[in-house]
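Data block below; observations after.
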DNA sequence: GGTGCTGCTGTAACCGGTTACAGCAACGAG
DNA sequence: CTCGTTGCTGTAACCGGTTACAGCAGCACC
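Written out as structure tokens, the structure reads:
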């Protein structure tokens, strides 16, 4: 016995009542006379009793917590996701436990392990194998965040491919750019897979030759710098670089200016996500805004609802809209207002909130 | 009953044995004849039985998980911390649950809630109130990561003040700079408190007038850009800006070059942490390297040891060494090798790994 | 044949809560 | 006086595991 923890029975003895009464008082259920309630409360206060979580969870078959499964977490994107998720969870007094699978060899086992400790699981797309996802889904409510549910699990996502296609067409058609490079690893995450797909789609739609193979790097700033190293020492420099996310784009910007290149005159660079820094660099970054926080909030809502209602599978997914945000880095004139309020500019909206069942309804008719 | 979960008794019935035997097989304890073991294993396999975590945790009075309490998590610093922590936890087959207190009004209550679900808690300095910390410490093993344990709890940390004093003296004495500004909010986290303290210390040691009040901003890149806004529109421009961390410094670099200033010629900028990007920007950032990953690994080691051994309080903290990393942004000549391998340069080491009991033993005798 | 040992297995208690159900007192109505 | 209600409280079973302890069979030995 480590801490000589107080138990219900102990408190019951001290207050001169039964365990049932203590439980009723501490939960506010059933009826207890005012006088008894006071006596029990005093015993609880005096000894600083707190019901042990495990017993309660075991008896109530409910943990009061949900899990959030991420690969590694770094950067503003994840930070924003977590905030969006928490903002919903806090309202239902549910704890959120985050599991980082990054660099854990046994990550699938870890996730299953966690599944026993929570009432529901939100999994970032591509974090666990489809098999494991299926296994999880029969155990407890699961929602995939930013990725594909593989038919077994609902997903909350954006239409990455369409958004990226729009952005790419802007560069190809409106700016007349050729020799675009894609920076990001399509096999790294479903998000990137879809964005790469949209990038290729745009080329097909405009009947241009397919793009070169992507520069496969990670999603953080240093990765962008490495990509710049690789790309800019080539004999033929690309006219534009389409990055899988903003952080890589920022890294590329650093790499490019380190080599004396001017953006967008010598080289066009675009991002994806519209993180806060995107509007603050010079030139400000042309990118796609996704409702990151809302994405997470909707996921949480779906999950919490399923976890509370005892629904096994929340069966409806969601697709949230994105916006093309045109700033200076693609060659469009930079708006003149302060870079700190950068976002004000008409932009192309893409996809509306809609049921996932009707996936890709608007057939990109541009 | 939501999923008709299998229980030990169910498996016992199916295998034609008792619950004790099933438990023995699934845990590998006690002795079971080869024939019975096989029969039980087959029943387990066939029905995909996995012992429910709660029952096990309740009976064994052990969760097999530890908690990691962070404010919000963003950026490479936290990412690195988590990796360091996980690298230790994975070896003892312990789950790590991360709790983000950021933007939760009831964060202290949340932490206490989590304390009931884990065997030990690592808390980032400044995340919970000293009172709560004390309360936690009597419940389970707690270690503070990068902060002050407030006498009740061991802490793993670096000597921020001494390291920052060394960096500041480098600017004041070696480069002869005056009018330095500090960017960061000392009331925001213990790390920044100590760094601000070291900054002031250096001024006192060199018998210079005390520095101006700090520019109180957060610790992320955009905060650095905002700080640049504030600082660089002043009539008298500072000669150098000492940032609380690298990310702010990178933001400042962006803000400064956006205004056409050249670093280090027009303005000196320094950071703290030595995140990967620090070596990749131009000019590369002069900063202080702290062993972030090791910091977290040591914390995990201390915690896991206490959690496993049943020790109530791991009573020894640690102070890990830091290095001054001199690169180009302070005005020193930039080393000529590739920016990708930037770190090779003699540097001033600060503080050795030592017991926390003998805190601040070397009295900054410079 | 009785005794003691060894190896395997089962029963039942326990971890710390919740809760169905029963019991009991007080009271009003018939 | 009996019966049904109402309001409060307690007993004991249960959640799903682990484990102390007892029991039993088989065997060696005296």
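Protein chains in written order, with my numbering: chain A, 7 to 372; chain B, 7 to 372. Glycine included, C-beta positions come from ideal geometry on N, C-alpha and C.
(message) Does the CB of residue 287 (chain A) have a neighbour CB from chain B at under 8 angstroms?
(response) The Cβ of residue 287 (chain A) sits closer than 8 angstroms to at least one Cβ of chain B.
(message) Is residue 17 (chain A) close to chain B? Criterion is C-beta to C-beta, closer than 8 angstroms.
(response) For residue 17 (chain A), no CB of chain B lies under 8 angstroms from its own CB, so it is not counted at the interface with that chain.
(message) Which runs of the alpha helix (DSSP H) at least 4 residues long sit entirely within the stretch 199-284 of chain B? Give them in chain order.
(response) With a minimum length of 4 residues, the continuous alpha helix (DSSP H) runs that stay inside the stretch 199-284 of chain B are 227-238, 252-264.
(message) List, in chain order, every chain B residue whose beta-carbon is nearer than 8 angstroms to that of residue 221 (chain A).
(response) Chain order gives no chain B residues near residue 221 (chain A), where near means a beta carbon separation below 8 angstroms; the closest approach is about 16 angstroms.
(request) Consider the Cβ of residue 9 (chain B): report whether some Cβ of chain A lies at a distance smaller than 8 angstroms. (result) The predicted model places residue 9 (chain B) with a pLDDT of 48, which falls under 50 and marks its position as unreliable; any figure quoted below should be read in that light. Interface residue, yes.
(request) Verify whether the separation of the beta carbon atoms of residue 59 (chain B) and residue 59 (chain A) is less than 8 angstroms. (result) Cβ distance not < 8 angstroms, so residue 59 (chain B) and residue 59 (chain A) don't count as in contact.
(request) Leaving out five residues on either side along the sequence, give the residues of the same chain with a beta carbon under 7 angstroms from the beta carbon of residue 226 (chain A). (result) Cβ contact annotation for residue 226 (chain A) (same chain, cutoff 7 angstroms, sequence separation greater than five): 80, 81, 253, in chain order.
(request) Could you check if residue 292 (chain A) is buried or exposed, using at least 16 other CB atoms within 10 Å of its CB as the buried criterion? (result) Counting of Cβ neighbours within 10 angstroms places residue 292 (chain A) among the buried residues, the total reaching 16 or more.
(request) Taking C-beta pairs closer than 7 angstroms, name the residues in chain B that residue 260 (chain A) reaches, listed in chain order. (result) The contact set of residue 260 (chain A) on chain B, defined by CB atoms closer than 7 angstroms, consists of 286, 287 in chain order.
(request) Inspect the beta-carbon positions of residue 175 (chain B) and residue 190 (chain B) and report whether they are closer than 8 angstroms. (result) The Cβ-Cβ distance between residue 175 (chain B) and residue 190 (chain B) does not fall below 8 angstroms.
(request) Have a look at A:285, A:230, A:244 and flag the residue whose alpha-carbon is nearest the alpha-carbon of residue 264 (chain A). (result) The closest CA to that of residue 264 (chain A), considering only A:285, A:230, A:244, is found on A:230.
(message) Just to check my reading of the structure: residue 187 (chain A) and residue 158 (chain A) have Cβ atoms closer than 8 angstroms, yes? What is that Cβ distance to the nearest angstrom?
(response) About 36 angstroms; that fails the 8 angstroms criterion.
(message) For residue 21 (chain B), would you say it is in contact with chain A, using Cβ-to-Cβ distances shorter than 8 angstroms as the test?
(response) Interface criterion not met: the Cβ of residue 21 (chain B) is under 8 angstroms from no Cβ in chain A.
(message) Just to confirm before moving on: does the CB-CB distance between residue 89 (chain B) and residue 299 (chain B) stay below 8 angstroms?
(response) Taking a C-beta distance under 8 angstroms as the contact criterion, residue 89 (chain B) and residue 299 (chain B) qualify as a contact pair.
(message) Closer than 8 angstroms between beta carbons: that is the criterion. Which residues of the stretch 86-117 of chain A meet it against chain B?
(response) So the close ones are 88, 89, 92, 93, 96, 101, 102, 103, 104, 105, 106, 108, 109, 110, 111, 112, 116.
(request) Identify which residue in B:333, B:307, B:332, B:329 has its Cα closest to the Cα of residue 322 (chain B). (result) Residue 322 (chain B) has its Cα closest to that of B:307, out of B:333, B:307, B:332, B:329.
(request) Please confirm if residue 151 (chain A) has its CB atom under 8 angstroms from at least one CB of chain B. (result) Judged by the 8 angstroms Cβ criterion, residue 151 (chain A) is not in contact with chain B.
(message) Assuming residue 212 (chain B) and residue 173 (chain B) are in contact, meaning their beta carbons sit under 8 angstroms apart, how far apart are those beta carbons, in whole angstroms?
(response) Contact doesn't hold; Cβ gap of about 13 angstroms is too wide.
(message) Check whether chain A comes within 8 angstroms of residue 66 (chain B), counting only Cβ atoms and requiring the distance to be less than that.
(response) With 8 angstroms as the cut-off, residue 66 (chain B) does not count as an interface residue toward chain A.
(request) Determine, using beta-carbon pairs with one atom in the stretch 61-74 of chain B and one in the stretch 94-108 of chain B, whether at least three such pairs fall under 8 angstroms. (result) Short answer: they touch.
(message) Just to confirm, is the Cβ distance from residue 286 (chain B) to residue 289 (chain A) under 8 angstroms?
(response) For the 8 angstroms CB-CB criterion, residue 286 (chain B) and residue 289 (chain A) do not form a contact.
(message) Residues of chain B with CB closer than 7 angstroms to the CB of residue 282 (chain A), please, in chain order.
(response) Among the residues of chain B, those whose CB is under 7 angstroms from the CB of residue 282 (chain A) are 228, following chain order.
(message) Which residues in chain A have a C-beta closer than 9 angstroms to the C-beta of residue 58 (chain B)? List them in chain order.
(response) Per Cβ cutoff of 9 angstroms: 64, 122.
(message) I'd like the list of long-range same chain contacts for residue 19 (chain A), defined as Cβ closer than 8 angstroms, with 5 residues on each side in sequence excluded.
(response) Residues of the same chain with a CB within less than 8 angstroms of the CB of residue 19 (chain A), apart from the 5 flanking positions on each side, do not exist.
(request) Return the CA-CA distance between residue 15 (chain B) and residue 24 (chain B), expressed in angstroms with no decimal places. (result) A straight-line Cα-Cα distance of about 7 angstroms links residue 15 (chain B) and residue 24 (chain B).
(request) Measure the beta-carbon distance from residue 206 (chain A) to residue 216 (chain A) and round it to whole angstroms, keeping in mind my assumption that it falls under 8 angstroms. (result) Contact between residue 206 (chain A) and residue 216 (chain A) holds: their C-beta atoms lie close to 6 angstroms from each other, under 8 angstroms.
(request) Could you confirm whether any beta carbon from chain B is found closer than 8 angstroms to the beta carbon of residue 80 (chain A)? (result) Chain B, which has a Cβ nearer than 8 angstroms to the Cβ of residue 80 (chain A), makes this yes.
(request) Hey, could you find the ends of the alpha helix (DSSP H) residue 116 (chain B) is sitting in? (result) Unbroken alpha helix (DSSP H) run through residue 116 (chain B): 113-121.
(request) For residue 446 (chain B), collect the residues of the same chain with a Cβ closer than 6 angstroms to its Cβ; drop the 5 residues on either side in sequence, then sort them by chain order. (result) Here chain B covers residues 7 to 372 and nothing more, so residue 446 (chain B) does not appear.
(message) With the cut-off set at 8 angstroms, would you say residue 142 (chain B) and residue 118 (chain B) are in Cβ contact?
(response) Yes. Within cutoff.
(message) Against residue 231 (chain A), what residues of chain B qualify as contacts under a CB-to-CB distance less than 7 angstroms, listed in chain order?
(response) Within 7 angstroms Cβ-Cβ: 286.
(message) Please confirm whether residue 194 (chain B) has its beta-carbon closer than 8 angstroms to some beta-carbon of chain A.
(response) Interface residue (Cβ-Cβ distance to chain A less than 8 angstroms): residue 194 (chain B) is not classified as such.
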